Ligand code: ATP
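Numbering (my numbering), first residue to last: 70 to 385.
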């Protein structure tokens, strides 16, 4: 669990003070992914960097797992926190395996254990270890380099992962793929993740909770569905976009709106309980029907989903 309590940063510059982050209070449960979202310059990166003490707070507190991070040596603290940044800054003169092994080496792991960990992480991030372990960063695509960056941050199995626009430089198609891999990885590793983004679609896709910032202040902190359904003010509503109902569809699954049914209506299109409501809405429109059959992996009918149930879930 990470708790920020009235966290504040004022940068003193030759041209006066800059209030970068003002009184941010929020709590991210253990194993959850929180996305810090907002326009450029609103204080997202500064907030993230106060958590691993790359920036010293002016006032306020950061607690990790209940412990006040003020009481921990910053270097020791950073070894327990994975950190992924855009243009990851892999060491160009080190191989992929050596890059991933940087923190394990500091922690004096033996070579065999370090190499095994690198193999494990590369496989988890969809990079074939035999093919990638001994490459240099210049021999990787942007998306591959970002994956290695994530592997490096996870090497010593830190409970907390900070990610600053980790996929911002990856092209849109590969970004979707790498986001899917991140979600799959996070489902098994359950790290507590703080993830900076300025992309609402990315936030809706990966977040358990979203913190919307404006000019250093926290405007709203809520799960994606609640944020999209009930933005707390005009700024948040405008930031999340006028298509916020459509965005909500991606986060709601058929299982949440499914009604019992033993047989399917003739010709009704079929969906699975794990499908999201975007697929349902598309099928409603394509087929001009008011109900779809829900089937399990074996094709057995397990329920149905109706237009009314979807509308009622969305509150429209
Ligand atoms: P972006 O999305 O553009 O990366 P951000 O939301 O992450 O922006 P920050 O980088 O946290 O924003 O910056 C917040 C504010 O603090 C900005 O006004 C920025 O100019 C200011 N700031 C950040 N670092 C410093 C610094 N070292 N000295 C002075 N001002 C700073």
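All C-beta atoms, glycine included, are put in the ideal place defined by N, C-alpha and C.
These numbers were taken from a predicted model, which means no experiment stands behind them.
Notebook entry, point to check: Alpha carbon to alpha carbon, how far is residue 247 from residue 180?
Noted result: Approximately 29 Å between the Cα atoms of the pair.
Note to self: With H, G and I counted as helix, E and B as strand and the rest as coil, what does DSSP make of residue 155?
What the structure shows: In the three-state scheme derived from DSSP, where H, G and I count as helix and E and B as strand, residue 155 is classed as coil.
Item checked: beta strand (DSSP E) runs contained entirely in the region 258-345, provided each spans 3 or more residues -> Fully contained in the region 258-345 are the following beta strand (DSSP E) runs of length 3 or more, in chain order: 261-266, 278-283, 286-291.
Checklist line | At least 3 beta-carbon pairs within less than 8 Å: the region 195-211 vs the region 115-133 | finding: The way I'd put it, the region 195-211 doesn't touch the region 115-133; fewer than three beta-carbon pairs between them come closer than 8 Å.
Check: When you compare only the Cα positions, how much space is there between residue 78 and residue 296?
Finding: Straight-line measurement puts the Cα of residue 296 at about 26 Å from the Cα of residue 78.
Next item on the list: Kindly indicate the opening and closing residues of the alpha helix (DSSP H) around residue 193.
Entry: Unbroken alpha helix (DSSP H) run through residue 193: 180-193.
Margin query: Just to confirm the assignment: which complete beta strand (DSSP E) runs, minimum length 3, are found wholly within the region 108-152?
Written below: Within the region 108-152, the complete beta strand (DSSP E) runs of at least 3 residues are 128-133.
Next item on the list: List the whole-angstrom C-beta distance separating residue 135 from residue 70, where the pair is believed to meet the contact cut-off of C-beta under 8 Å.
Entry: Indeed, because the Cβ distance is near 7 Å, the residues count as touching under 8 Å.
Check: Is there at least one non-hydrogen atom of the ligand ATP closer than 7 Å to the beta-carbon of residue 109?
Finding: Inclusion of residue 109 in the 7 Å shell around the ligand ATP follows from its C-beta lying nearer than that to a non-hydrogen atom of the ligand.
Check: By Cβ distance, which residues of its chain are closer than 8 Å to residue 294, with the 5 residues on each side in sequence left out?
Finding: 317, 320, 321, listed in sequence order.
Check: If you run the structure through DSSP and keep just helix, strand and coil, what is residue 89?
Finding: In the three-state reduction of the DSSP assignment, residue 89 falls in the strand class.
Check: For residue 75, which three-state DSSP category applies?
Finding: Residue 75 falls in the strand class under three-state DSSP.
Checklist line | Span of the alpha helix (DSSP H) around residue 177 | finding: Looking at the DSSP string, residue 177 is not in any alpha helix (DSSP H), and its letter there is neither H nor E.
Check: Which two residues bound the contiguous alpha helix (DSSP H) that contains residue 224?
Finding: Looking at the DSSP string, residue 224 is not in any alpha helix (DSSP H), and its letter there is neither H nor E.
Checklist line | Residues of its chain near residue 270, where Cβ-Cβ distance is below 8 Å and the 5 sequence neighbours each way are ignored | finding: Excluding sequence neighbours, residue 270 sits near 316.
Next item on the list: List the DSSP bridge partners of residue 233.
Entry: Residue 233 pairs with 154, 265.
Margin query: For residue 239, report the span of its beta strand (DSSP E) as first-last.
Written below: For residue 239, there is no enclosing beta strand (DSSP E), as DSSP gives it neither H nor E.
Check: Is there contact between the region 230-239 and the region 256-272, where contact requires at least three CB pairs shorter than 8 Å?
Finding: Judged by Cβ distances under 8 Å, the region 230-239 makes contact with the region 256-272, as three or more pairs qualify.
Notebook entry, point to check: Is the closest heavy atom of the ligand ATP to the C-beta of residue 69 under 7 Å?
Noted result: The shown model of the chain, from 70 to 385, leaves out residue 69, and the question about it has no answer.
Note to self: Taking the alpha-carbon of residue 92 as reference, which of 286, 310, 370 has the nearest alpha-carbon?
What the structure shows: Here the closest residue by C-alpha is 286.
Next item on the list: Please list, in chain order, all residues of the same chain as residue 345 whose beta carbon is under 8 Å from its beta carbon, the five residues on each side excluded.
Entry: Around residue 345, the same chain offers 318, 319, 320, 321, 322, 323 as residues with beta carbons nearer than 8 Å, after the five sequence neighbours per side are excluded.
Notebook entry, point to check: Taking the alpha-carbon positions, what's the residue 188 to residue 169 distance?
Noted result: Distance between the alpha carbons of residue 188 and residue 169: 10 Å.
Note to self: Below 7 Å, is the gap between the Cβ of residue 120 and the nearest heavy atom of the ligand ATP?
What the structure shows: Judged by the Cβ position, residue 120 fails to qualify as a neighbour of the ligand ATP at the 7 Å threshold, every heavy atom of the ligand being at least this far.
Note to self: For the alpha helix (DSSP H) containing residue 362, name the first residue and the last one.
What the structure shows: Note, residue 362: premise wrong, no alpha helix (DSSP H); beta strand (DSSP E) at 360-364.
Checklist line | Pairwise C-alpha distance: residue 163 and residue 300 | finding: In a straight line, the C-alpha of residue 300 is about 46 Å away from that of residue 163.
Notebook entry, point to check: Which partner residues of residue 80 appear in the DSSP bridge assignment?
Noted result: Partner(s): 87.
Check: Does the pairing of the region 303-312 with the region 327-336 give three or more beta-carbon distances under 8 Å?
Finding: Inter-segment contact for the region 303-312 and the region 327-336 is absent: fewer than three beta-carbon pairs are separated by less than 8 Å.
Checklist line | C-alpha gap between residue 275 and residue 334, whole angstroms | finding: In this structure, the alpha-carbon of residue 275 lies about 35 Å from that of residue 334.
Item checked: Straight-line gap, residue 255 to residue 244 (C-alpha atoms, nearest Å) -> Straight-line Cα distance between these residues: approximately 16 Å.
Check: With 16 as the cutoff for other CB atoms within 10 Å, does residue 175 come out buried or exposed?
Finding: With fewer than 16 Cβ atoms within 10 Å of its Cβ, residue 175 is classed as exposed.
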